[in-house]
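I have placed the structure first, in the form of structure tokens, so that the comments after it can refer back to it.
2 protein chains.
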Amino acid sequence: MNASIMEIVAIIISFVAFFYAAWLFSWVKKQPLQNKEIERVGGLIRDGARTFLKREFLVLARFCAVAALLIFIFLPSPVWTGSIIPNIMMVIAYIAGTVFSGFAGKIGIEVATLANGRCAEAAKKGIAPSFMTGFRGGAVMGMAVVGASLIGVALVYLLTGDSTVCLGFSFGASSMALFAKAGGGIFTKTADISADLTGKVELGIPEDDPRNPAVIADNVGDNVGDVAGMGADLFDSNVASMAAALIMAAALDKLEGGTEYVGMVFCFTALGLLASVIGIMCARIGKDGSPTKALNSLTYITTGIYVVLTGAATLIFGYDMRIWGACIVGLLVGVIIGIATDYFTDDTKPPVHNVAKASGSGPAFTILSGVSYGFISALPAMVGIGISALAAYKLCEGLDPTGAHAVEYAMFGIAMAAVGMLSIVGMIVSNDAYGPIVDNARGLAEMGSLGDEVLEITDELDSAGNTVKAVTKGFSIAAAGLTVISLLGAFMSEVNEAAAGLGIEGITGFDILDPLVFFGMLIGAAVPAVFSAMLILGVDKNAQRMVAEIHRQFREIAGLREGTAAPEYDKCIHIATDGAIRELIPAGLMAIIATMLVGFIGGVEAVGGFLCGNIISGLLLALFMSNSGGLWDNSKKYVEAGHEGGKGSEAHKSAVVGDTVGDPFKDTAGPSINTQITVVSLISSLMSSLFLTASIFG
Amino acid sequence: MNASIMEIVAIIISFVAFFYAAWLFSWVKKQPLQNKEIERVGGLIRDGARTFLKREFLVLARFCAVAALLIFIFLPSPVWTGSIIPNIMMVIAYIAGTVFSGFAGKIGIEVATLANGRCAEAAKKGIAPSFMTGFRGGAVMGMAVVGASLIGVALVYLLTGDSTVCLGFSFGASSMALFAKAGGGIFTKTADISADLTGKVELGIPEDDPRNPAVIADNVGDNVGDVAGMGADLFDSNVASMAAALIMAAALDKLEGGTEYVGMVFCFTALGLLASVIGIMCARIGKDGSPTKALNSLTYITTGIYVVLTGAATLIFGYDMRIWGACIVGLLVGVIIGIATDYFTDDTKPPVHNVAKASGSGPAFTILSGVSYGFISALPAMVGIGISALAAYKLCEGLDPTGAHAVEYAMFGIAMAAVGMLSIVGMIVSNDAYGPIVDNARGLAEMGSLGDEVLEITDELDSAGNTVKAVTKGFSIAAAGLTVISLLGAFMSEVNEAAAGLGIEGITGFDILDPLVFFGMLIGAAVPAVFSAMLILGVDKNAQRMVAEIHRQFREIAGLREGTAAPEYDKCIHIATDGAIRELIPAGLMAIIATMLVGFIGGVEAVGGFLCGNIISGLLLALFMSNSGGLWDNSKKYVEAGHEGGKGSEAHKSAVVGDTVGDPFKDTAGPSINTQITVVSLISSLMSSLFLTASIFG
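Set out below in structure tokens:
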């Protein structure tokens, strides 16, 4: 099968997804919204989210301008070596990566801030219409993210025919993800913590009380962190997995003199999007149905459709069954990891109960037990990733007809396992974006005084969002893990291509006992820890600024405490926005500079070790922080539901401390680590020829 | 120089150290102890510590019996392959390792529980005699640990001439360390937490109040955790570094047909002990001198003496200067890492101040800022270990006259850097054991009502102990890190030796891109996290049992609350002891079984990856937990000294939560990770021939 046809098929399926998303968007918009208060507050949230996006895009534009200039000068080869056209293509691909990802994020924010109020109002008519509004709002984001990532990669490859340029597109997506995920994560937790600290603790006013100047920023935060940030994160992972697979596919095609492998990558990713489209069309819920079941069954339906579609494609186009096998192994292990992760955060399982029980002895025991379960929760995912990588490798190393290139075939197998794990990403993003929409809907229902019955429904929808989030979060970390392993393979491919171009000897692997590799590994392992620490300290610093602003408003605005004067919501939004970007940049630069230092000191061997250490410790810390954060959150809710003394008890006070610690763990640092790993992996691949030629020890 | 002569020299220097230790012991014993109350309580502490040791030795004996049987059947080769004599030698070496380590621990406990009361009483005469009593008490332990480890390894090697048998001795030391360090860590924190929870929180009685049934267990805990546990831990590291160096030295000697390298290992380790003896003899303090300065200057003096002695030996015996260089690089980097670690826990530096300040906003911020600084604190040590390994490797790879075995020479260089880092371990143990002695002395001075002036002196001595502990702790983790890197080299040596014996192909390294290596690495990285979690949860469970017992005593013993009846101290000691051992065993078995599973599934490649992942994540977590724990401890003390509102303020309450979280971090889980890594490294080396022949994928 000619690869160009598959690229065109991928582009066509992307358009199908876009049209479907447009239909869903207009459906959501058509839902009634009559409550004036909800409309007013919803408008404030939408404006706040737009403010954040606008400022973020502005800063990102400046960052991109600098990066584009550096790319033009240095990548893929220094411009003075005569490589002007490739460098210009790289710059264009890079910019396209940021623009496509930004576009998907913008769409997601728009629909989420439209859907939240309508979802609340629909709850007056029962759970089914409310669920459908929330879900279809999220599905717009799902379609936009996967459609934009697929069409972007396909266009870049169709126009340039060069897989390395896809790395440029991927790097653009990563730049965006760094700002959207880590920056959004700092924003959302700054607002959340400040609102809680001043509102609930100091002033004794309830959550979501409109007198609190931080309350709109808090609701905006849900959208910029969980919708735009999460979307950019999965856009990034999806593009990176395609780029890594394409690099290895292109190398195999070169060996065999065909285009089959590249075609297969596009075929399998396009079918993943198609499966998600069909899955979303299947969404329905009974009059008294369970939203959790509805969401989870959609995931399983999509998985089933994908298995069937790719199996059929494998038979029709005569692909090797072993590659299909690697892809399916990845997908199944991803689902299993999601379920295992769920165990540690589900409020019907022992970990949540034990943490709630330990909270009775004081906050120190909430923390100690949560940290312990968080550590243990990393094990199933680490084992799962290890097994799927091993299985994919062993399945595909036999593909090599000559035996001389078994490693390349095997690494392609791992890349296809990552593609498989990410194949249902359209459904994952839809489920994930559903969460903040119904969370916002709950707050709006309260502010719009829609009554207890509506609140009950929105509570149930919200709780389903939290449960599903645990599964999808485990899934995305695992997928990112497998993706970065294949990026490590891509790095070696790039190094060897660069070495061949320079007429010097390439590398055959990275030996742990090579002290350069080990040196890189130790430093690479420390980077995610330092990166997380900088983000957490950033949230802390930023929250202090915002608390000071809230105090100022209560001091200076007469009548604010009594509810007769409105607070200046926008001031809080500006502080959260500017602070997020200010705190994020040093953390991002630290990771990038560490990579370059290691590369220029120890050469490509040290960089290989660096990436490996970075992946290993990054996965461990990301799983630990995401899961312990989710565990603390649900333990608090479990206590609030009346267990271990219920609201107001000692256990509740301790559980609140756990939840506050867990917030930046699970919403800022934990999920940003993925992006940090992808960024340094891509930089390493892009700079491989520089590291080959200009290092002290390498 | 003939190696046997060096072994004999090492044995002679060990005897010198023993005689000096005996003299110090009798000096400490001769110090006056007249206060009857101190004598009585000191006796209770001594009896409690003896009870713990006795039970620990009993359980260890059973564990050892099983392990010895397994060793006899399987190691170094299955007994049915005709290898009876080597297997018996291995069993004897293993048992000797546990016995020698246990002996050193027993001596340490005896002198520490003699010195504590005398140190308190000496404070009546001023700081100088009190300091000397505490320091000389600690020095007995230092001499016993290093003397016993050196004489043990030297005897084993002198009698068998086989470096692999030294691994058996090392494994024995590790078994002991696992029980003493992890078990002691659970004991001490169980008692500490239970005493605080019931005493200070529930009953409102002061710390160290004799009415609290847990108070003696708490004081016993300081001795079994910090004296016996720490001693066993450094005994283990010291033996492991010697064993790893000997294995590589023996391989080089075989290549060159001499005994020079083995001789050098004994020469350099013996000189380290000699330097410590001289350093301890230099101990003195002015009438109003600073104990912190006195302790630190001793470390620098010992370092200087060691540099000069080994430099002279290198010149006299004609050793290659590059090996001496590797050794000195290790030593200097160790000292620098110790100083860098100190930065994060010193109460005059920003981290402690910032955590104290954050505590004002509530316990969640104490935790978040402490976790963040803990993460960052891992960086200098990781970079330092990386640089010293790289420097040692680069220095020594040129030693190879033919060029074909550069890796072996280079790995020997890393092993010698570890030997260098551990050379001043005699002084380190002395300083470390000083801490719990003066800590106990402070408690005894209070219970014996020795007056405010004495308390002021013991407070100053105690604070010096805490400061020095931060430096020595960073130092020991770094030394363990470098040791396990050289154990990784030893593992490869063992694999290749076994492969040669079996007539199959050996390995040349562990390639990260080999999926078996990567699979092992992911699982190896998860093990220290799970191990830590199991220990922390173990402390928690055990503390609950002890709290229940304290409640029972207050309920059932009439007059206890009024102070007219004595509590049943021994019941609490028994609970802490039995629980510690019960909680420890599953954690230890988990690590051992994970190693075997990985080995029998993925073979030696997977085990290589497993060890690498284990080292990387183990170092990161050990540094994180030890340093954040120390940071929280000192932040609490800083607040108690009157900053951020002082005692009783909101900041103080939060800081107490941080300290409680930090306790099992820094005294149970963090320092036990070293031992966990050493245990799995040794098991891997010992089982290498089984993994070579009986694995599914390997």
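Just so you know, the sequences run in chain order A and B. Take 199 as the starting number for the first sequence in my numbering and just add one per residue. Take 199 as the starting number for the second sequence in my numbering and just add one per residue. The beta-carbon is built from N, C-alpha and C at its ideal position, and this holds for glycine as well.
Within the region 721-745 of chain B, the residues whose Cβ lies closer than 7 Å to any Cβ of chain A are, in chain order, Ile721, Ala723, Ala724, Ala727, Val728, Ser730, Ala731, Ile734, Leu735, Asp738.
Annotation for B/Gly572: Phe822, Asn825, Ser826 place their beta carbon closer than 6 Å to its own, counting only its chain and skipping 5 residues before and after. For B/Asp544, the three-state secondary structure derived from DSSP is coil. Chain A places a beta carbon closer than 8 Å to that of B/Met690, counting this residue as a contact. Partner residues in a beta bridge of A/Asp360, as assigned by DSSP, do not exist. Distance from the CA of B/Ala639 to the CA of B/Glu319, rounded to the nearest whole angstrom, comes to 8 Å. Sequence-distant partners of B/Leu888 (beyond 5 residues in either direction) whose C-beta falls short of 7 Å from its own C-beta, in its chain, are Phe272. Residues of the same chain with a CB within less than 8 Å of the CB of A/Ile705, apart from the 5 flanking positions on each side, are Met690, Val693, Asn694, Ala697, Val802, Glu803, Gly806 in chain order. Residue state for B/Asp712 is assigned as coil, using DSSP reduced to three classes. With fewer than 16 other Cβ atoms inside 10 Å of its own Cβ, A/Gln232 counts as exposed. Contact annotation: in the region 551-571 of chain A, residues whose CB is within less than 9 Å of a CB in chain B are Asn552, Ala556, Ser559, Gly560, Pro561, Ala562, Phe563, Ile565, Leu566, Ser567, Val569, Ser570, Tyr571. Counting only runs of 4+ residues, the alpha helix (DSSP H) found wholly inside the region 342-392 of chain B occupies 361-375, in chain order.
Following the DSSP letters along the chain, one finds A/Ala201 inside the alpha helix (DSSP H) bounded by residues 201-228.
Annotation: A/Ser870 to A/Gly828 spans about 15 Å, alpha carbon to alpha carbon.
The beta-carbon of A/Ser684 is placed no less than 8 Å from the nearest beta-carbon of chain B.
By the C-beta density criterion, B/Lys252 is exposed, having fewer than 16 other C-beta atoms within 10 angstroms. When CB distances to chain B are screened at a threshold of 9 Å, the residues of the region 395-415 of chain A falling below it are Leu395, Val399, in chain order. Closer than 8 Å to the CB of B/Ile675 there is not a single CB belonging to chain A. In the structure shown, A/Asn664 falls within a helical segment according to DSSP collapsed to helix, strand and coil. Among the residues facing chain B, A/Cys810 is included, as its CB has a counterpart in that chain under 8 Å away. If you ignore the 5 residues before and after A/Ile755, its C-beta comes within less than 7 Å of the C-beta of Ala763, Pro765, all in its own chain and listed in chain order.
Within the same chain, Cβ atoms closer than 7 Å to the Cβ of B/Gly532 are found at Met619, Phe673, Ala676, Ala677, the five residues on either side in sequence being excluded.
With a cutoff of 8 Å on beta-carbon distance, B/Ser567 and A/Leu735 are scored as near each other. Taking 8 Å as the CB threshold, B/Leu530 stays off the interface with chain A. For the options B/Met339, B/Ala220, B/Tyr591, the alpha carbon positioned closest to that of B/Asn629 is the one of B/Met339. With a cut-off of 8 Å on Cβ pairs, the region 436-448 of chain B is not in contact with the region 419-426 of chain B, counting fewer than three such pairs. The count of Cβ pairs closer than 8 Å, one atom from the region 785-797 of chain B and one from the region 738-756 of chain B, stays below three, leaving the stretches out of contact.
The region 270-287 of chain A makes no contact with the region 455-471 of chain A; the number of CB pairs closer than 8 Å stays below 3. Proximity to B/Ile526 across B/Ala615, B/Val553, B/Asp598, B/Ala746 peaks at B/Ala615, based on C-alpha coordinates.
Residues Arg640, Ala643, Glu644 of the same chain have their beta carbon placed closer than 8 Å to that of A/Leu653, with the five preceding and five following residues left out of the count. For A/Ser886, same chain residues with a beta-carbon under 7 Å away, outside a window of 5 residues either side, are Phe689, Glu692, Val693, Ala696, Val802 in chain order. When secondary structure is reduced to three states using DSSP, B/Arg238 falls in the helix class.
The DSSP-derived three-state label of B/Ser559 is coil. Interface with chain A (8 Å Cβ-Cβ cutoff): B/Phe889 is excluded.
One Cα belongs to B/Gly844, the other to B/Val837, and the distance between them is close to 5 Å.
Here B/Gly336 is buried. Its C-beta has 16 or more other C-beta atoms within 10 Å.
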